[in-house]
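Reviewing the structure listed below.
Residue numbers (full-length UniProt numbering): 1 to 298.
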């Protein structure tokens, strides 16, 4: 990791007076210049100084710019709600393209732990011009996330139905009246506490994330996948599920539980070759082609 030296600060200041405050979070002039370019493009000039000073305090750039591109959408971002990541966007686009190819008469989908609503909103946006009848829902336990998801839905003129709900609630499907479902997606909290607390040098969570993004949306492990399966997948009529994760052990757990209930399971790697999603399908169901997205099938 590059140290922010006095020499580096002087070099940055010679380029732009707005550049030095961006160095601690970026560690290189090139990366700081890229962030400054985004700030200048997205914000009026009278907000530039305030923006770089916020970045000096490790506020995520997406909270400063108030948006994050996600597919063809520009997802609104606010403090207290997890920022959408490129890894999530990548698998969502693959899933949306697969669904388009299925030419379903109806897609009835639930996105659990929905956050900004980015997953369900992208699926809605990608399929809105197809012949598929869409009935898409998302829920989150966080009031801030719920409010922001609804705001994103209105901002993009989409038709996702958002709810307050808890994945640990055994009666969640009945409470939301959503038992008739084809597909269940989720990007649940999946970072174990011990990894969350590690130093960045030991592949821990970045300082910016720890200081400003909600721990509630980040820290979790197998208990989330267990409850996604037993409270959503198994009691519903779902034919497929896609859950984001960060560890092979989490995919192994989902496979062990799901196969006992007649499901086939595989995992997908992202473009950085990291295991990113676990996917499940019924052998004779509408979503058996989820197998085609898998890097490995159990």
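Ideal Cβ placement from N, Cα and C applies to all residues, glycine included.
query                                                                                                                                                                      : result
Could you tell me if residue 10 is buried or exposed, where buried requires 16 or more neighbouring beta carbons within 10 angstroms of its beta carbon?                   : exposed
Strictly by DSSP, which residues pair up with residue 265?                                                                                                                 : 280
Please classify residue 157 as buried or exposed, where buried requires at least 16 neighbouring CB atoms within 10 angstroms.                                             : exposed
In angstroms with no decimal places, state the Cα-to-Cα distance between residue 37 and residue 57.                                                                        : 19 angstroms
Short of 6 angstroms in beta carbon distance, which residues of its chain neighbour residue 281, apart from the five on each side in sequence? Order them along the chain. : 240, 264, 287, 288, 290
Nearest CA to the CA of residue 229: which residue from 214, 172, 283, 128?                                                                                                : 172
Using only the alpha-carbon positions, how far apart do residue 283 and residue 45 sit?                                                                                    : 57 angstroms
In terms of residues, what are the limits of the alpha helix (DSSP H) holding residue 124?                                                                                 : 118–127
According to DSSP, is residue 99 helix, strand or coil?                                                                                                                    : helix
With residue 52 and residue 21 assumed to form a contact (beta carbons below 8 angstroms), what rounded beta-carbon distance in angstroms separates them?                  : 4 angstroms
For residue 68, list the residues DSSP reports as bridge partners.                                                                                                         : 75
Which two residues bound the contiguous alpha helix (DSSP H) that contains residue 259?                                                                                    : 248–259
In whole angstroms, give me the CA-to-CA distance for residue 245 and residue 277.                                                                                         : 5 angstroms
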